[in-house]
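Number 128 in my numbering belongs to position 109 of the sequence shown; there are no gaps in the numbering.
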Amino acid sequence: MLSIITTDGELYLEENFISADTTDEILNTLISKLQWHEETIKLFGKSIKSPRLVCWYGDSGADYCYSGISHKPKPWIPELSEILEKIQQHTGYDFNAVLANLYRNGNDSMGWHADKEPELGTEPILASLSLGETRVFKIRHKKTKKTHSVELNSGSLLLMSGKLQQHWQHSVPKSKRRNGSRINLSFRRIVHLCQSDIEGTDSMPSRTARNDW
Ligand SMILES: [Mn+2]
20 MLSIITTDGE LYLEENFISA DTTDEILNTL ISKLQWHEET IKLFGKSIKS
70 PRLVCWYGDS GADYCYSGIS HKPKPWIPEL SEILEKIQQH TGYDFNAVLA
120 NLYRNGNDSM GWHADKEPEL GTEPILASLS LGETRVFKIR HKKTKKTHSV
170 ELNSGSLLLM SGKLQQHWQH SVPKSKRRNG SRINLSFRRI VHLCQSDIEG
220 TDSMPSRTAR NDW
């Protein structure tokens, strides 16, 4: 694996984690088989459509919280389990859920954010597989503003670990040139229960609505 960041967290890239002759078939299968949905987010009192499609798969109980709502994962399908297995073997880490993002074209994007929800624990490990169109992944240090731009080719695997989510933010900006479809599978490990699960109520104060994971 190529080491990209070693300060205040670790970022590694494995190009051609999945060989180029099979990525298109996997991409097309996942585009048609996964239960994509378009999220509506509230920003400054207005409802806006999230600029990509998403879905959440995982072990039963690996619920994800946002906007004060706990989201139950859909059960694994063989195509995702196969990839999960391969990533676990390669990295040595165990994951129990995956957030899938579909960037339909160059106009779909992901804003600056860090994946630091409490349910991911203090030093989350994320393994992120790219399929389809190459897009640029930007990562910027919160204090020094040092920025890295990484081209994520089809079949590449990005690994984030340590204190990376505390000190850095990442994004996938819109692109005029890169207009094909891309799927990103972000494998995670949910270690804590969502607050709403613990309290067993939906009258909890909402966490800040956010549009990016
Ligand atoms: Mn992220």
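Ideal Cβ placement from N, Cα and C applies to all residues, glycine included. Since the model is a prediction, treat every value here as computed from it, not as a measurement.
Classified as buried, L46 has 16 or more neighbouring CB atoms from the shown chains inside 10 Å of its CB.
Taken atom to atom, the span from the alpha-carbon of E33 to that of G151 is near 16 Å. In this structure, DSSP gives E138 a helical state, which the three-state scheme calls helix. The secondary-structure analysis by DSSP pairs G151 across a beta bridge with R201.
The beta carbons of V155 and E136 sit no closer together than 7 Å. DSSP places P70 in the strand class (E or B) of the three-state scheme.
When only Cα atoms are considered, L204 and S180 end up about 16 Å apart. Checking the 6 Å criterion, the Cβ of D134 is within range of a heavy atom belonging to ligand 1.
Residue environment analysis places E104 among the exposed positions, since fewer than 16 neighbouring C-beta atoms fall within 10 angstroms of its C-beta.
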